[in-house]
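Read the structure below first, then the notes.
Protein chains in written order, with the working numbering: chain B, 1 to 180; chain D, 1001 to 1180.
As structure tokens, this is what we get:
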């Protein structure tokens, strides 16, 4: 995860954040890396990648031509998915940051699930441009992290969102994977 | 659109609502029928179909094996997409119902867009079962309709959601389609 100096004011369009480091999602353990939105092991999925950019997190995504609400404009369900996965990714990275402050040798294997998701569609999001999803930690208390987010197209904010993410206890994951 | 007598109590799992009538989405005009979630003309999309079931609306959907958050459980972004499109569909149908009460000859060509979307993930949603999405009109005022929704898997509510939908003025649609 990078902690690169901000290259642009908050919310500005930033096409080149440092992406030479692994993304948040690259740290997910294999058993939890199959998410349709952000799992590197889901070959059908979006495989989004999120990074720190100063105090904010950033993710770039180019929707497919068929990800539309009406011709020429991006589908709201996809935008909600970006808010969701970039939010849980940012939450996991923020938790890891806090843990690392206590224990510099901590491993970045935290994974979070979405407890709730809120999305406001401010204006139609044009298709054909790379979208920028940005996130910021609003609250980080124990197992719960709240991330506020926004999506920019051509430098204009078209969507605002918020994700309440909770850390997944390893025991729950093991139980779920056994039960399926 | 059917106005079939309820076959089950509110929120109950109901595998066989009347689907012999066209769905809400079958009434969308061709120019607005390309949505990735619910457009009958989007061959890559989910093509969900929603119907009245008494005072509630209902939609059934079987996620694909790769629509997962973790193996065996449905991806939250897909669940948000179902809430979104079933919500706007129900909003359009509710608006049409109101218009028809004023003018029995009105045509069902209303289409709505999502202004905001809220989703609470109550528990993991299992993969491999047909999901039931249900909706109810919470508010219907002019161009704005609020729909509350829930998703059931095997008869258990796993997700609650709310959509604020607004009617799309024809002039806006024409302008957007011209501008793209």
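In this text, a Cβ means the ideal position worked out from N, Cα and C, and glycines have one as well.
On a predicted model such as this, the values are computed, not experimentally measured, just so you know.
Using a C-beta cut-off of 8 angstroms, the stretch 33-46 of chain B makes no contact with the stretch 1079-1088 of chain D, since fewer than three inter-stretch Cβ pairs fall below that distance. Using a CB distance cut-off of 8 angstroms, residue 1094(D) does not count as an interface residue toward chain B. For residue 1178(D), there is no enclosing beta strand (DSSP E); the enclosing alpha helix (DSSP H) covers residues 1170-1179. At a Cβ-Cβ threshold of 8 angstroms, residue 122(B) and residue 83(B) do not count as neighbours.
Of all C-beta pairs linking the stretch 84-100 of chain B to the stretch 152-159 of chain B, fewer than three are shorter than 8 angstroms, placing the two stretches out of contact. Shown here, residue 1079(D) sits in a helix according to DSSP, grouped into three states. Interface residue (Cβ-Cβ distance to chain D less than 8 angstroms): residue 147(B) is not classified as such. In this chain, the beta strand (DSSP E) harbouring residue 165(B) covers 156-167. Proximity of residue 75(B) to chain D, defined by a Cβ-Cβ separation below 8 angstroms, is satisfied. Considering only 97(B), 43(B), 173(B), 54(B), the residue with the shortest C-alpha distance to residue 107(B) is 97(B).
If you check the CB distance, residue 1144(D) and residue 1164(D) come in under 8 angstroms. Within chain B, 176 have C-beta atoms less than 7 angstroms from the C-beta of residue 1124(D), given in sequence order.
Residue-level contact check: residue 1089(D) does not touch chain B, since none of the beta carbons of chain B fall below 8 angstroms from its beta carbon.
With respect to chain D, the C-beta atom of residue 55(B) has no partner C-beta closer than 8 angstroms. Rounded to whole angstroms, the separation of the alpha carbons of residue 119(B) and residue 1147(D) is 15 angstroms.
The straight-line gap separating the alpha-carbon atoms of residue 114(B) and residue 1141(D) is approximately 31 angstroms.
By alpha-carbon distance to residue 111(B), the top candidate from 66(B), 73(B), 94(B) is 94(B). Around residue 67(B), the beta-carbon contacts reaching into chain D at under 7 angstroms are 1036. In terms of Cα proximity to residue 31(B), the closest of 1071(D), 1059(D), 1052(D), 1129(D) is 1071(D). The distance from the Cβ of residue 1133(D) to that of residue 1067(D) is about 14 angstroms, inconsistent with a contact at the 8 angstroms cut-off.
The beta carbon of residue 1033(D) sits closer than 6 angstroms to the beta carbons of 1039, 1040, 1041 from its chain, once the five residues preceding and following it are set aside; these are given in chain order. DSSP places residue 1044(D) in the coil class of the three-state scheme, outside both helix and strand.
In terms of Cβ geometry, residue 1130(D) and residue 1177(D) do not form a close pair [threshold 8 angstroms]. For residue 59(B), the three-state secondary structure derived from DSSP is strand. Using a Cβ-Cβ cut-off of 9 angstroms, residue 1119(D) is close to 80, 84, 114, 116, 117, 118, 119 of chain B, given in chain order. Taking C-beta atoms as the reference points, residue 1021(D) and residue 1050(D) fail to come closer than 8 angstroms. If you draw a straight line from the Cα of residue 1125(D) to the Cα of residue 1158(D), it is about 6 angstroms long. Around the Cβ of residue 161(B), a 10 Å sphere holds 16 or more other Cβ atoms; the residue is buried. By the 16-neighbour rule on beta-carbons within 10 angstroms, residue 135(B) is buried. The alpha carbon of residue 29(B) has as its nearest neighbour, out of 138(B), 174(B), 73(B), the alpha carbon of 174(B). Residue pairing for residue 120(B): DSSP places it in a beta bridge opposite 160(B), 1116(D).
As computed with DSSP, residue 153(B) is found in a beta bridge with 156(B).
Residue 44(B) is classed as exposed because its beta carbon has fewer than 16 other beta carbons within 10 Å across all chains shown. Annotated three-state conformation of residue 1100(D) is helix, per DSSP. According to the DSSP assignment, residue 1132(D) belongs to the beta strand (DSSP E) that extends over 1131-1141. Non-local beta-carbon contacts of residue 1168(D) in its own chain, meaning distances under 8 angstroms to residues more than five positions away in sequence, involve 1032, 1111, 1112, 1113 in chain order.
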